[in-house]
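Protein chains in written order, with numbering that gives the first Met the number 0: chain E, 0 to 403; chain L, 0 to 403. All residues carry an ideal CB built from backbone N, CA and C; glycine is no exception.
Protein chains: 2
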Amino acid sequence: MALVVQKYGGTSVGDAERIRAVAEHVARTVRGGDQVVVVVSAMGKSTDDLLRLADEVSSVKPKRELDMLLTAGERISMSLVSMALAGQGLKTASFTGSQAGIITDTDHTRAKILEMRPERIEEALRDGYTPVVAGFQGVSTDRDITTLGRGGSDVTAVALAAALKADVCEIYTDVTGVYSADPRVVPQARRLAKISFDEMMEMAATGGRVLMLRSVEFARRHGVPLHVRSSFTWEPGTWVVEEEVSMEEAVVSAVTDDTSEAKITVANVPDRPGLAARLFRELADKGINLDMIVQNTSEHGTTDISFTVEKGDAEAARLACEGVRELLEIGEITADLGIGRVTLVGAGMKSNAGITAKMFETLASHDINIEMISTSSIRISTIIRGERVVEAVRALHTAFGLDA
Amino acid sequence: MALVVQKYGGTSVGDAERIRAVAEHVARTVRGGDQVVVVVSAMGKSTDDLLRLADEVSSVKPKRELDMLLTAGERISMSLVSMALAGQGLKTASFTGSQAGIITDTDHTRAKILEMRPERIEEALRDGYTPVVAGFQGVSTDRDITTLGRGGSDVTAVALAAALKADVCEIYTDVTGVYSADPRVVPQARRLAKISFDEMMEMAATGGRVLMLRSVEFARRHGVPLHVRSSFTWEPGTWVVEEEVSMEEAVVSAVTDDTSEAKITVANVPDRPGLAARLFRELADKGINLDMIVQNTSEHGTTDISFTVEKGDAEAARLACEGVRELLEIGEITADLGIGRVTLVGAGMKSNAGITAKMFETLASHDINIEMISTSSIRISTIIRGERVVEAVRALHTAFGLDA
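If you want it as structure tokens, here you go:
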């Protein structure tokens, strides 16, 4: 008998019919002899509806009240799923984040979990119940209702799986797993049967849309195996697990793409210690997150620094740099919104030479110019023109033997 | 500086515009120097929408889960009202029934309040906040979410007013107060400036639709003055208060009507001790609530017993009586769905003779036959044909000098 945490996203519980289908699947799992803890997101677009109402009511929206409002969404879906499970003949009860013992800090709308006290869930399991838990929410040390931010329901599921020592955390979504590239970009993309936490994290960080970085990090830290699969086909999907020796056979696992960022270039930065740090402090103080950072080799006493930021932060980043331009004696500052990133991810890279060369050769054979490059032991990211991203991803997917 | 509990019903917070109007009124009250605790119902028809969703999802609906589902309604309205108050520049925070310390028994969908522990509300008031509390809900001694049943938001408001020792509990609704008769039946009906708890209870019990019996009882027991008024006109409405000497001047305060009941008549009940009790036990065991009960004077060893029940319970009541017909040696059992009740309510009745006579004379002059009669010290109820109710109410309203 295994203990399985099953998390269902918004589209998976989008209407009454979908909820009944979810309940049937949970009941099948339970009748198969496993224990299940269900974690649910709010139904479909209900969160958007609530936010629209809030906009109509007031332009001032305290974050504490936003959290109170949005958590109504999971309350509705979890009680409906629980009713549907009762309709399947299961003993069941739903629990809010607070009742499930998800204790967070007081940072409303993006709270972090401080502690898990899932005694009521454990008790329910002992008594033969199938508990249904609201994703995305917790209760703060100030006893206020909090939400966990984007991807928060996945975090709830992983945290519960870790605390309950579950055998697996199944993430049900509207895609059938993790692919070697975005299937909308590369029609020949293959579903990966297995991927390591490290690879999944690199994918999440470079444009993979299935899982948020945060929940994968959490799962890795607590050793919770993830199984990403579809609530529409119910077929086996992709396992995200600790790296195994056999994984090294595939040099490259996936190609990801991301056109959500802009590139800021600061020219002629004097090559003095502490100067770049001063510039980045300025950006951090404005709440701007930098992603890729590249500094050219210094020549005749100055250097160029380029970094990427979310497109929405580009103008703020440019202005922040302009603000210290005279002080730091730096040169021209440019913001380029026309870039795209293409990334190779693969655990096998670290022990395989020649990947970078092959990547460059492939892009060169398509006349695609590389503007920035950044690597980790299992990833190579390149910045190219945004309009060449689709072509680059397809070419690399073929060149590295990933086509189905 | 007064402490005012203001309760807003579903139509009062029915949409964003109404919520903003409520926030403006609360802000006016606060700027006028009073402290306000706001209690809200779910928005308009949102409870019906949630129930419809539940029907679509499952025919099995555990009451614990129904309570979890429905309480999402007040969570949405209270956070929106709180945001609108923040938009008015007030310090504000919303609280669930659980956070407001409303401790109930475990009788889901119709829980009773066992204890009030409103420490967080008191703390919020001390800190200059205007708290917004979810009506209709509490937390059980089993730490589960409960609802208080029909009229539950009024009960929340009255219970909070009592626990906080508020100066008044204002019940905002879509009518401008309590009237001497239903204005849809009697166009000349007058709004009552003041009415006693006892009269209000009799009105609630006999067809008055503004307040539920339960919240009036609660207010009387705890001496909480109620002020029933409109959230559409904001004009002063009706005060429900302890009886005062001056009230006795008006002999009759109001005429109520009710056509929601049926009359069951059991003929030829042997006049032996314990027999009627046996019959009523049978009905009670089936969960059927009896309202008016009348037993005719016994003649030649048998008696007729008539009682009224909700129309929906009429057939079940008839069958229950049939079930013990042979055992108890009783006669024919009939159910009459064509009745109506007309009631005079007035604290002055108890010290005024001749009210019954005048009531009978008035009905007789309209050729309206009285089928049953039942009285208390401040009420006279008569059962007549349902189709004569409107005529009877108008005639009595005029005869007792209530016309505006």
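With a cutoff of 7 angstroms on beta-carbon distance, residue 323 (chain L) and residue 316 (chain L) are scored as not near each other.
Check the Cα spacing between residue 167 (chain L) and each of L:393, L:383, L:35: the tightest is with L:35.
Assignment of alpha helix (DSSP H) within the region 170-243 of chain L, counting only whole runs of 4 or more residues, yields 196-204, 212-221 in chain order. Cβ neighbours of residue 250 (chain L) within its own chain (closer than 8 angstroms, five residues either side excluded): 345, 347, 348, 351, 354, 399. Within the region 136-164 of chain L, 142, 143, 144 place their CB atoms closer than 9 angstroms to a CB of chain E, listed in sequence order. Our two residues, residue 313 (chain E) and residue 276 (chain E), have alpha carbons roughly 19 angstroms apart in a direct line. The beta carbon of residue 56 (chain L) falls within 7 angstroms of a beta carbon belonging to chain E, placing the residue at that interface. Between residue 237 (chain L) and residue 176 (chain L) the beta-carbon gap is near 4 angstroms, inside 8 angstroms, which marks them as a contact. Ranking L:3, L:55, L:15 by CA distance to the CA of residue 15 (chain E) puts L:55 first. Listed along chain L, no residue sits closer than 9 angstroms to residue 213 (chain E) by beta-carbon distance, the nearest being about 25 angstroms off. Distance from the CA of residue 44 (chain L) to the CA of residue 263 (chain L), rounded to the nearest whole angstrom, comes to 35 angstroms. Inter-segment contact for the region 99-115 of chain L and the region 138-152 of chain L is present: three or more beta-carbon pairs are separated by less than 8 angstroms.
The closest CA to that of residue 252 (chain E), considering only E:58, E:397, E:95, E:75, is found on E:397.
Residue ranges of uninterrupted alpha helix (DSSP H) with 4 or more members, entirely inside the region 93-175 of chain L and ordered along the chain, are 118-125, 151-162.
For residue 327 (chain L), the enclosing alpha helix (DSSP H) begins and ends at 324-327. In the DSSP assignment, residue 262 (chain E) falls within the beta strand (DSSP E) that extends over 260-269. Around the CB of residue 75 (chain E), 16 or more other CB atoms lie within 10 Å, so the residue is classed as buried. DSSP links residue 342 (chain E) through a beta bridge to E:255, E:380.
When 8 angstroms is used as the limit between beta carbons, residue 283 (chain L) is near no residue of chain E, the shortest such separation being about 29 angstroms. A Cβ-Cβ distance of about 17 angstroms is found for the pair residue 218 (chain E) and residue 132 (chain E), leaving them out of contact under the 8 angstroms criterion. Note on residue 256 (chain L): 16 or more other CB atoms within 10 angstroms of its CB, so buried under the neighbour-count rule. Closer than 9 angstroms at the C-beta level to chain L, one finds these residues of the region 75-93 of chain E: 75, 77, 78, 79, 80, 81, 82, 83, 84, 85, 86, 87, 88, 91, 92, 93. Exclusion of the five residues before and after residue 357 (chain E) leaves 398, 399 as the residues of its chain whose Cβ lies within less than 8 angstroms of its Cβ. In the three-state DSSP reduction, residue 306 (chain E) falls in the strand class (E or B). In this structure, residue 342 (chain E) sits away from residue 387 (chain E), with a CB-CB distance that is not shorter than 7 angstroms. Contact annotation for residue 71 (chain L) against chain E: 71, 74, 75 [CB-CB distance below 7 angstroms, chain order]. From the beta-carbon of residue 60 (chain L), the residues of chain E found nearer than 8 angstroms are 82, 85.
Counting along the chain, residue 54 (chain L) sits inside the alpha helix (DSSP H) bounded by residues 45-56. Taken residue by residue, none of the region 314-336 of chain E has a beta-carbon sitting less than 7 angstroms from a beta-carbon on chain L.
Residue-level contact check: residue 64 (chain E) touches chain L, since one or more beta carbons of chain L fall below 7 angstroms from its beta carbon. Boundaries of the alpha helix (DSSP H) harbouring residue 392 (chain E): 388-398, taken from the DSSP string. In the same chain as residue 235 (chain E), and ignoring 5 residues on each side of it, the C-beta atoms closer than 7 angstroms to its own belong to 228, in chain order. Chain-ordered, the chain L residues with CB closer than 7 angstroms to the CB of residue 53 (chain E) read 79, 82.
The residues 22, 25, 26, 37, 91, 129, 131, in chain order, have a CB closer than 8 angstroms to that of residue 84 (chain L) in the same chain once the five nearest residues on each side in sequence are set aside. Contacts with chain E at 7 angstroms (Cβ-Cβ) include residue 15 (chain L). In the three-state scheme derived from DSSP, where H, G and I count as helix and E and B as strand, residue 358 (chain E) is classed as helix.
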